[in-house]
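Notes follow once the structure below has been shown.
In the numbering used here, the protein residues as written are 40 to 186.
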């Protein structure tokens, strides 16, 4: 798998690459768009391969191009077309959210994975409303410690 060419994502979520297109016909690329803070999936699509027509004067004919000069970008998020930020408001001043918990032997704790809990990092059931609103199926992580 070769490195992708330099890429540019504009405000319309259209991705354009600089330089020659990748060599493979349909090459799935994954990148993280810092501009939108979402994962985007890109696929190189072939352009239309129109044969030169005899009725067109030769000076106006052009050789078919095997690849288009742009890529199709799909924003990947759990809500489909809705703009969803994974962590909407928990500890937004930090570069990374990390929590430390102590669990006694034989106990268990239920940890939030939807980032909507009012008692984060513990689950308070907020994932139920999140799942209904987005069609997601996230639930808590249950951590248990053996005796």
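Positions of the beta carbon are idealized from the N, C-alpha and C atoms, including for glycine.
Query: Any contact between the segment 163–170 and the segment 136–153? By contact I mean 3 or more CB pairs, one from each, below 8 Å.; Result: yes
Query: Residue 135 by DSSP, collapsed to three states: which one?; Result: coil
Query: Quick one: give me the first and last residue of the beta strand (DSSP E) that residue 147 is part of.; Result: 147–150
Query: Quick one: what's got a C-beta closer than 6 Å to residue 157's C-beta in the same chain, skipping five residues either side?; Result: 163
Query: Rounding to the nearest angstrom, what Cα-Cα distance links residue 174 and residue 125 in this structure?; Result: 14 Å
Query: Quick one: is residue 42 buried, meaning 16 or more other Cβ sit within 10 Å of its Cβ, or exposed?; Result: Note that residue 42 scores a pLDDT of 42, beneath 50, so its modelled location is shaky and nothing firm can be said.
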